[in-house]
């Protein structure tokens with residue numbers, strides 16, 4: 146991505162994994178930061194605003210934020226946050242047993258849909274206990290296979306997070322959810338070039354109608370809405386935080402012309418790409 150001045154790049158994290166108390170080290174505070182790692186923020190209390198890819202979230206009460214690699218984040222000035230921040234890279238995730246791989250795909254591949262989770266009191270207490278143990282383990286003097294132990298805790302947390310998402314949604318059969326997770330994983334790597342529902346349904350060996358129906362049950366959005374949402378989220382990010390021209394962005398998403406891309410963008414956002422970028426620059430970052 147061509148950089149824009151004022152956007153910082155996240156610093157390298159040793160071993161691609163860390164756990165910290167938020168109040169000891171409030172991340173991306175005061176400046177926009179492009180994430181190189183995935184983050185789980187367990188907020189115990191606080192006040193202020195967290196901005197992610199142009200969307201603002203109030204910091205109030207106990208909640209969990211999921212931030213994906215590549216997103217642009219900032220805690221607004223004067224934000225006070227108490228809780229935990231867990232950060233991990235894709236290379237560290239490879240240590241996690243494969244049985245949890247679909248959890249990461251569902252939670253982080255479509256980050257905008259899972260940006261904020263609201264666990265109930267029992268779930269909050271359980272997560273706080275897990276993060277407390279994980280932080281203590283992380284601070285323990287290094288020993289053989291310590292990273293594998295940390296990866297095991299990460300697996301538990303990810304599975305628990307995925308279960309929050311499942312419980313909060315309508316009941317659906319497990320086979321549908323397996324297909325939905327495969328669709329989300331496929332979408333994360335193919336959305337630049339594959340824009341039609343039937344492109345994905347053919348790969349998954351199901352009908353477009355069934356894919357749309359199970360997506361609706363699992364996420365309250367049709368397959369087309371999910372695909373378009375992924376494209377629009379990335380397009381907004383490029384318009385806001387890169388110097389690519391509209392024509393270059395259209396090319397990245399395999400649109401035949403910049404006009405086709407502009408029509409698609411305006412249809413989904415009610416504003417043209419050029420005006421969207423102009424408005425964002427006018428507001429300022």
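In my numbering, the protein residues as written are 146 to 430. Glycine is no exception: its CB is placed at the ideal position from the N, C-alpha and C atoms. For clarity, every value in this text was computed on a predicted model and none was experimentally measured.
- Query: Looking at the structure shown, is residue 189 part of a helix, part of a strand, or coil, going by DSSP?
  - Reply: Here residue 189 is taken as the residue at index 44 of the chain shown, counted from 1. Strand.
- Residues near residue 252 in its chain [Cβ-Cβ closer than 8 Å; skip 5 each side]: As a position in the chain shown, residue 252 is number 107, starting the count at 1. The answer, listed in chain order, is 211, 259, 303, 306, 307, 310.
- Query: With 16 as the cutoff for other CB atoms within 10 Å, does residue 270 come out buried or exposed?
  - Reply: In the chain shown, residue 270 corresponds to position 125, counting from 1. Here residue 270 is exposed: its Cβ has fewer than 16 other Cβ atoms, across all protein chains shown, within 10 Å.
- Nearest to residue 216 by alpha carbon, out of 183, 231, 230, 193? On the chain shown, position 71 is the one that residue 216 refers to. Nearest option by C-alpha distance: 183.
- Quick one, are the C-beta atoms of residue 231 and residue 164 less than 7 Å apart? By 1-based counting over the chain shown, the position of residue 231 is 86. By 1-based counting over the chain shown, the position of residue 164 is 19. Contact flag set, yes.
- Out of 191, 398, 214, state which residue places its alpha-carbon closest to the alpha-carbon of residue 340. For the purposes of this step, residue 340 is taken as the residue at position 195 of the chain shown. Selected option, being the one with the closest Cα: 398.
- Task: Count the C-beta pairs between the region 197–205 and the region 319–331 that are closer than 8 Å, then say yes if the count reaches three, no if not.
- Result: no
- Taking 7 Å as the cut-off, decide whether the C-beta atoms of residue 220 and residue 189 are in contact. Here the question's residue 220 lines up with position 75 in the chain shown. Here the question's residue 189 lines up with position 44 in the chain shown. No, these two residues do not count as a Cβ contact at 7 Å.
- Task: Would you mind sorting residue 175 into buried or exposed? The rule is 16 or more other CB atoms within 10 Å of its CB.
- Result: Along the chain shown, read from residue 1 onward, the residue named residue 175 stands at position 30. Exposed: under 16 other Cβ atoms inside 10 Å.
- Message: Going by DSSP, what residue range makes up the beta strand (DSSP E) through residue 480?
- Response: Residue coverage of the chain in this structure runs from 146 to 430, which leaves residue 480 outside it and unanswerable.
- Look at the alpha carbon of residue 416 and the alpha carbon of residue 298, and state the distance between them as a whole number of angstroms. Here the question's residue 416 lines up with position 271 in the chain shown. Here the question's residue 298 lines up with position 153 in the chain shown. Residue 416 and residue 298 have their alpha carbons spaced roughly 44 Å apart.
- Can you round the beta-carbon distance between residue 360 and residue 348 to whole angstroms, since I take them to be within the 8 Å contact cut? In the chain shown, counting from the first residue as 1, residue 360 sits at position 215. In the chain shown, counting from the first residue as 1, residue 348 sits at position 203. That pair is no contact at about 15 Å.
- Query: What first and last residue would you give for the alpha helix (DSSP H) that runs through residue 369?
  - Reply: Residue numbering aside, residue 369 sits at position 224 when the chain shown is read from its first letter. First-last of the alpha helix (DSSP H) with residue 369: 368–386.
- Item | Option nearest residue 155 by Cα separation, candidates 172, 249, 351 | For the purposes of this step, residue 155 is taken as residue 10 along the chain shown, with counting starting at 1. Comparing Cα-Cα distances from residue 155 to each of 172, 249, 351, the minimum goes to 172.
- Collapsed DSSP secondary structure at residue 214 in the structure displayed: Locating residue 214 in the chain shown gives position 69, counting from the first residue. If DSSP states are grouped into helix, strand and coil, residue 214 belongs with coil.
- Distance between beta carbons of residue 152 and residue 386, contact taken as under 8 Å: As a position in the chain shown, residue 386 is number 241, starting the count at 1. As a position in the chain shown, residue 152 is number 7, starting the count at 1. Right, the Cβ-Cβ distance comes to about 5 Å (below 8 Å), so this counts as a contact.
- First and last residue of the uninterrupted beta strand (DSSP E) at residue 226: To locate residue 226, count along the chain shown from 1; it is residue 81. First-last of the beta strand (DSSP E) with residue 226: 225–233.
- Under the rule that 16 or more other beta-carbon atoms within 10 Å means buried, what is residue 281, buried or exposed? Residue 281 sits at position 136 when you count from the first residue of the chain shown. So residue 281 counts as exposed.
- Query: For the alpha helix (DSSP H) that contains residue 270, what are its first and last residues?
  - Reply: Here residue 270 refers to the residue found at position 125 of the chain shown. That run of the alpha helix (DSSP H) goes 266–284.
- Task: Inspect the beta-carbon positions of residue 218 and residue 178 and report whether they are closer than 7 Å.
- Result: Position 73 of the chain shown holds residue 218. Position 33 of the chain shown holds residue 178. Against a cut-off of 7 Å, the Cβ pair of residue 178 and residue 218 comes out as a contact.
- Are residue 208 and residue 180 close, meaning C-beta to C-beta below 7 Å? Position 63 of the chain shown, counting from 1, holds the residue named residue 208. Position 35 of the chain shown, counting from 1, holds the residue named residue 180. No Cβ-Cβ contact shorter than 7 Å links residue 208 with residue 180.
- Query: What whole-angstrom Cβ distance do residue 247 and residue 332 have, given they're in contact under 8 Å?
  - Reply: By 1-based counting over the chain shown, the position of residue 247 is 102. By 1-based counting over the chain shown, the position of residue 332 is 187. With a Cβ gap of about 13 Å, residue 247 and residue 332 do not count as contacting.
- Please state if the CB of residue 384 and the CB of residue 422 are separated by a distance shorter than 7 Å. For this step, residue 422 is matched to residue 277 along the chain shown. For this step, residue 384 is matched to residue 239 along the chain shown. The beta carbons of residue 422 and residue 384 sit closer together than 7 Å.
- Query: Exposed or buried, which one is residue 198 when buried takes at least 16 other CB atoms within 10 Å?
  - Reply: Start at 1 with the first residue of the chain shown, and residue 198 comes out as number 53. Burial call: buried.
- Message: Just to confirm before moving on: does the CB-CB distance between residue 378 and residue 296 stay below 7 Å?
- Response: By 1-based counting over the chain shown, the position of residue 378 is 233. By 1-based counting over the chain shown, the position of residue 296 is 151. No, Cβ-Cβ distance for residue 378 and residue 296 is not below 7 Å.
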